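Enquirer: Residue numbers (UniProt numbering): 1 to 586.
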């Protein structure tokens, strides 16, 4: 139960639901226990009439009808109170489920890039859906039936003791055996439930990756191989599920058997006590049988409750593993600030934690507001790492980054990122309309602003040729569009935001040179008063920049303007001559 203690704050939040549920449970149990007493009185009445015959049959009938009417009324009241109990406690569990899912989702949003490198999407989805669902079953049905069981035991056993302490003791003799059995089975359920949830995450992760990479699988004709892998994984998951179900299935028959034994004890011991005069009426035996059967569901539910609690414990443990992670990137300053856009790198070093690869070594440069910086270099030279540090997806491991003269980690994180428009290397689009994908950069953007941004990114003409134009729904990750179209929609998404800082991470690699030239000219005008950083492998993307730096192995090996670098021996001149000759050949 240690892991489930995390949920205590939700019980405190919904304490009025919880307390009202307890009160209605107590009231429902009290009204439901009128029936055994009334039936006992009816048996006693009939027994006295048979023995003595002092009361007329008409009076007996009237008394019996009176008791029957009371049984009906109290049963209806008990049923209504039980309905209220379920409505209160089950609704509370849905509120807790809602809050917990939102809490997990917020934590997912706050966690850093390293977290997502180390965890699979399917596993994340399973924890926020399946695991939270298991926890809801604990907060709702398990807690509800646990309260119901405890109150039933207290009230029923109190009534039983008032009738006959000796018969009550004999009736409850099987309970220690029941408690021990539940304890042992619960331990086994907890262990097997944890294993099953882990396999469920594996299945979710595997299928998510297959669906995301279906084009590659089809291209390599690997459908049969992956079907076999999926079948093998499903068989393993089924085996774990069946292993758990086998243990859970023992509860029901065991509980019924123990209740049956208790009934036999009541009949035998009660009968012997009636014969020797320890109890005065045969109605007492009938009353006790009804009490024992009143305990049938609470006792039988102990196994189900225990099973749900153990499953919830295993699931909450998996949820807590993520909730207890402290994000690498935290907002250290809540004060609002206006970002102007000047950027200053001072001897910045950066090493990725997950791979221990040093991406940047003593990198220093300055970009003033309104200037454009181009970064070139071979693959893996650290170009994209600079953009990740500017948007503070990571923190530096050495040196410092200043934005408008302020240390980047001292600036309000949300103000910083709101002032940045970034076009990533991998153009990610959502399964939504093209218009909404562009408006993702600015939710309240007008239709005119969306169209202007699309025109600047030279994708407007492509969009209007679609049947639904800007309302065209894209497939997963924008699969409906070509690579170049996805990059240009991503550019439009960044442009419509009208940011102070624009970061372009090799975002024209899938675009032909003519379209690239048009986009760059449009951006040149758009970025006149903005700080712009362009990462590219093409000299054509960098030539109009105010400053150009060349990276190699995480270090700056050349820097200057296009005219300066093209007249120096080195990487930039070689790249320029190579791309110039390729252009002439085409």
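Glycine included, every Cβ here is placed at the ideal spot set by N, Cα and C. Predicted model, so just to flag it, every value in this text is computed and none were measured.
Using the three-state DSSP reduction, which class does residue 426 fall into: helix, strand or coil?
Expert: Taking the chain shown and counting its residues from 1, one reaches residue 426 at position 426. Reduced to three states, the DSSP call for residue 426 is coil.
Enquirer: Leaving out five residues before and five after residue 347 in sequence, what residues of the same chain have Cβ atoms less than 6 Å from its Cβ?
Expert: Residue 347 sits at position 347 when you count from the first residue of the chain shown. 362, 364 and 399.
Enquirer: Taking the alpha-carbon of residue 515 as reference, which of 541, 525 and 528 has the nearest alpha-carbon?
Expert: Mapped onto the chain shown, residue 515 falls at position 515. Of the listed residues, the one whose Cα sits closest to residue 515 is 541.
Enquirer: Let's see if you can read the secondary structure: which residues bound the alpha helix (DSSP H) around residue 542?
Expert: Position 542 of the chain shown, counted from the first residue, corresponds to residue 542. It spans 539-542 - the alpha helix (DSSP H) in which residue 542 sits, taken as one unbroken run.
Enquirer: For residue 360, which three-state DSSP category applies?
Expert: The count along the chain shown starts at 1 and reaches residue 360 at position 360. If DSSP states are grouped into helix, strand and coil, residue 360 belongs with the strands.
Enquirer: Would you report the Cα separation of residue 18 and residue 304, rounded to the nearest angstrom?
Expert: For the purposes of this step, residue 18 is taken as residue 18 along the chain shown, with counting starting at 1. For the purposes of this step, residue 304 is taken as residue 304 along the chain shown, with counting starting at 1. Going by the C-alpha atoms only, they are around 21 Å apart.
Enquirer: Check residue 600 in the structure and name its three-state DSSP category.
Expert: Not covered by the structure: residue 600. The range shown for the chain is 1 to 586.
Enquirer: Which residues in the same chain as residue 131 place their Cβ atom closer than 8 Å to its Cβ, once the five residues preceding and following it in sequence are excluded?
Expert: The residue you call residue 131 lines up with position 131 of the chain shown. Counting only Cβ-Cβ distances below 8 Å, and skipping sequence neighbours, we find 197, 315, 316, 318 and 319.
Enquirer: Output the boundary residues of the alpha helix (DSSP H) element that contains residue 536.
Expert: Along the chain shown, read from residue 1 onward, the residue named residue 536 stands at position 536. Counting along the chain, residue 536 falls outside any alpha helix (DSSP H), though it belongs to the beta strand (DSSP E) covering 531-536.
Enquirer: With contact counted as at least three CB pairs below 8 Å, one residue from each stretch, are the region 491-503 and the region 335-355 in contact?
Expert: Short answer: they touch.
Enquirer: Put residue 279 into one of helix, strand or coil per three-state DSSP.
Expert: As a first step, residue 279 must be located in the chain shown, where it is residue number 279. Note: residue 279 maps to coil in three-state DSSP.
Enquirer: Give me the Cα-Cα distance between residue 228 and residue 248, rounded to the nearest whole angstrom.
Expert: Start at 1 with the first residue of the chain shown, and residue 228 comes out as number 228. Start at 1 with the first residue of the chain shown, and residue 248 comes out as number 248. Whole-angstrom Cα-Cα distance: 30 Å.
Enquirer: Just the Cα atoms here: how many angstroms apart are residue 352 and residue 301?
Expert: As a position in the chain shown, residue 352 is number 352, starting the count at 1. As a position in the chain shown, residue 301 is number 301, starting the count at 1. If you take the alpha carbons of residue 352 and residue 301, they lie about 52 Å apart.
Enquirer: For a quick check, are the C-beta atoms of residue 174 and residue 264 less than 7 Å apart?
Expert: Against the chain shown, residue 174 aligns to sequence position 174. Against the chain shown, residue 264 aligns to sequence position 264. Cβ atoms of residue 174 and residue 264: not closer than 7 Å.
Enquirer: Classify residue 554: buried if its beta carbon has 16 or more other beta carbons within 10 angstroms, exposed otherwise.
Expert: For the purposes of this step, residue 554 is taken as the residue at position 554 of the chain shown. Buried, because 16 or more other Cβ atoms sit within 10 Å of the Cβ of residue 554.
Enquirer: With which residues is residue 366 paired in a DSSP beta bridge?
Expert: Stepping through the chain shown from its first residue, residue 366 is reached at position 366. Beta-bridge pairing links residue 366 to 344.
Enquirer: Measuring alpha carbon to alpha carbon, tell me which residue in 528, 488 and 492 is nearest residue 373.
Expert: One-based indexing of the chain shown puts residue 373 at position 373. It is 528 whose Cα lies nearest to the Cα of residue 373.
Enquirer: Using the three-state DSSP reduction, which class does residue 586 fall into: helix, strand or coil?
Expert: Taking the first residue of the chain shown as 1, we reach residue 586 at position 586. Low confidence applies here, because residue 586 scores a pLDDT of 49, under 50, leaving its location unreliable; read the following figure in that light. In this structure, residue 586 counts as coil in the three-state DSSP scheme.
Enquirer: Between residue 578 and the rest of its own chain, which residues show a CB-CB distance below 6 Å, the 5 nearest in sequence each way excluded?
Expert: Within the chain shown, residue 578 is the residue found at index 578, counting from 1. Closer than 6 Å at the Cβ level, and outside the excluded window around residue 578, lies no residue.
Enquirer: In angstroms, rounded to a whole number, what distance separates the CA positions of residue 207 and residue 237?
Expert: Taking the first residue of the chain shown as position 1, residue 207 is located at position 207. Taking the first residue of the chain shown as position 1, residue 237 is located at position 237. Cα-Cα distance, rounded: 13 Å.
Enquirer: Can you round the beta-carbon distance between residue 4 and residue 321 to whole angstroms, since I take them to be within the 8 Å contact cut?
Expert: Here residue 4 is taken as the residue at index 4 of the chain shown, counted from 1. Here residue 321 is taken as the residue at index 321 of the chain shown, counted from 1. Not confirmed; about 14 Å, so no contact.
Enquirer: Where does residue 433 fall in DSSP's three states?
Expert: Mapped onto the chain shown, residue 433 falls at position 433. Strand, per DSSP.
Enquirer: Considering residue 558, what are the terminal residues of the beta strand (DSSP E) in which it resides?
Expert: The sequence position of residue 558 within the chain shown is 558, counting from 1. Note, residue 558: beta strand (DSSP E), 555-560.
Enquirer: Apply the 10 Å Cβ neighbour rule to residue 10 and answer buried if 16 or more other Cβ atoms are within range, or exposed otherwise.
Expert: For the purposes of this step, residue 10 is taken as the residue at position 10 of the chain shown. So residue 10 ends up on the buried side.
Enquirer: Is the number of C-beta pairs between the region 389-409 and the region 557-576 that are closer than 8 Å three or more?
Expert: Touching, no, given that fewer than three Cβ pairs across the two stretches are closer than 8 Å.
Enquirer: Can we say the region 445-462 touches the region 381-392, given the rule of at least three CB pairs closer than 8 Å?
Expert: With a cut-off of 8 Å, the region 381-392 and the region 445-462 do not count as touching, because too few Cβ pairs lie within range.
Enquirer: Just how far apart, CA to CA, sit residue 90 and residue 25?
Expert: Start at 1 with the first residue of the chain shown, and residue 90 comes out as number 90. Start at 1 with the first residue of the chain shown, and residue 25 comes out as number 25. Between residue 90 and residue 25, the C-alpha separation is close to 13 Å.
Enquirer: Hey, out of 293, 110 and 97, whose CA is closest to residue 413's CA?
Expert: The residue given as residue 413 occupies position 413 in the chain shown. Among 293, 110 and 97, the Cα nearest to that of residue 413 belongs to 110.
Enquirer: Quick one: what does DSSP say residue 399 is sitting in, helix, strand or coil?
Expert: For this step, residue 399 is matched to residue 399 along the chain shown. Looking at residue 399 - three-state DSSP - the assignment turns out to be strand.
Enquirer: Could you pull the start and end residues of the alpha helix (DSSP H) that residue 150 belongs to?
Expert: On the chain shown, position 150 is the one that residue 150 refers to. First-last of the alpha helix (DSSP H) with residue 150: 143-163.
Enquirer: Where does residue 407 fall in DSSP's three states?
Expert: Translated into positions along the chain shown, residue 407 becomes position 407. Of the three classes helix, strand and coil, the one that applies to residue 407 here is strand, per DSSP.
Enquirer: Is the beta carbon of residue 395 closer than 7 Å to that of residue 332?
Expert: Stepping through the chain shown from its first residue, residue 332 is reached at position 332. Stepping through the chain shown from its first residue, residue 395 is reached at position 395. Going by C-beta atoms, residue 332 is not nearer than 7 Å to residue 395.
Enquirer: Buried or exposed: residue 431, going by 16 or more other Cβ atoms within 10 Å of its Cβ?
Expert: Locating residue 431 in the chain shown gives position 431, where the first residue counts as 1. That one is exposed.
Enquirer: Among 424, 462, 393 and 539, whose alpha-carbon lies nearest the alpha-carbon of residue 116?
Expert: The sequence position of residue 116 within the chain shown is 116, counting from 1. Checking every option, the nearest Cα to that of residue 116 belongs to 393.
Enquirer: Return the Cβ separation of residue 156 and residue 33 in integer angstroms, given the expectation that the two are a contact with Cβ distance under 8 Å.
Expert: By 1-based counting over the chain shown, the position of residue 156 is 156. By 1-based counting over the chain shown, the position of residue 33 is 33. Right, the Cβ-Cβ distance comes to about 7 Å (below 8 Å), so this counts as a contact.
Enquirer: Take the Cβ of residue 67 as the centre, count every other Cβ of all protein chains shown within 10 Å, and call the residue buried at 16 or more, exposed below.
Expert: Numbered from 1 along the chain shown, position 67 holds the residue referred to as residue 67. It counts as buried.
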